[in-house]
Amino acid sequence: MKITIGHLYPDLLNLYGDRGNIQCMRKRCEWRGIEAEIREFQLTDPIDFAELDIVLLGGGSDREQMLVCEKLKTIQKDFKAYVEDNGVVIAVCGGYQLLGHYYDTDDGRIEGLSLVDLYTEQGSPRLISNIVIENELFSCPIVGFENHGGRTYIGDNQPLGRVKFGFGNNGKDGAEGILYKNVVGTYLHGPLLPKNPQVCDYLIKKALERKYGSADLAPLDDSQELEANRYIVERFC
Ligand code: GLN
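In this text, residue positions in the sequence shown follow our numbering: the first is 49, and each later residue adds one.
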């Protein structure tokens, strides 16, 4: 079995080392004998979404998001078709905001991909915190760190989790991130997947199921990750 992971615009959308999430996906595949190919796309590269099983959009500053948003217009149709065909996407922070219709900043509107029904408005102060969220889809809480000026509103969409500690999408409605088809959007950045193997395996499983019809992931020894997770949950909740 093999999956191909596309990393979109790593030179611009790689705030706080989102690239580590790719390494995590690759390692957790390799440890199970699943081949994982990584393809990085720069702004000028054409993207054939039919060749991809997981797409990662990382975080970026407002300035970098503005640069990327021009390019996104040219891939919107293909990207949307990939999402509607249950393609797996993990989008973090600035990348998460770009999944939506727009991000309104003090310096103007950053147009998004409209892949999911959400929008973002800049607010003050920045929402900076450790964060713990919960969703019964996952065997344990998802832990991480958030740092965003944008407030995101997802309407009736399903969030990735409910906030137990921290701010989440907008600091008001208790929702964090979004789950739409096989798209996961979240403000948790930096080492989201190394800290949360349950989320990493969720993405790998969805990608394998889409490609091969079914997938049973062999369990891995996550005792250290789970111990760290428990420590964070006990510290903040
Ligand atoms: N520029 C966006 C914001 O501040 C996203 C930042 C990020 O990716 N950390 O809301």
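Glycine included, C-beta positions come from ideal geometry on N, C-alpha and C.
Check, Outcome
"Validate contact between the segment 257 to 273 and the segment 167 to 180 using beta carbons, cut 8 Å, 3 pairs", "no"
"According to DSSP, residues forming a beta bridge with Gln170", "Gly198"
"Option nearest Leu236 by Cα separation, candidates Gly65, Ile53, Tyr167", "Gly65"
"Coil, strand or helix - Leu175 by DSSP", "strand"
"Cutoff 8 Å; reference Phe213; Cβ partners in own chain excluding five residues on either side", "Ser177, Asn178, Ile179, Val180, Phe284, Cys285"
"Residue environment, Met49, which counts as buried when at least 16 other CB atoms sit within 10 Å", "exposed"
"Per-residue DSSP class, three states only, for Arg283", "helix"
"Residue-chain proximity (Gly192, chain D), Cβ-Cβ < 8 Å", "Of the chains in the structure shown, none is chain D; there is only one protein chain."
"DSSP-derived helix/strand/coil call for Gly225", "coil"
"Sequence-distant residues of the same chain with beta carbon closer than 7 Å to Ile86, five excluded per side", "Ile53, His55, Ile70, Arg74"
"Cβ pair Gly68, Pro173 closer than 8 Å", "no"
"Distance cut-off 7 Å: Ser195 Cβ against heavy atoms of the ligand GLN", "Looking at the sequence shown, residue 195 is not Ser but Asn. Flag set: Cβ of Asn195 near the ligand GLN."
"Contact the segment 208 to 222 vs the segment 104 to 121: 3+ CB pairs below 8 Å", "no"
"Residue burial classification, Asp101 (beta-carbon count within 10 angstroms, cutoff 16)", "buried"
"Under the three-state DSSP convention, the category Ile123 falls into", "helix"
"The segment 214 to 234 / the segment 150 to 165 touching (three or more Cβ pairs under 8 Å)", "yes"
"Coil, strand or helix - Lys220 by DSSP", "coil"
"Every unbroken beta strand (DSSP E) inside the segment 60 to 115 [3 residues or more]", "83 to 89, 102 to 105"
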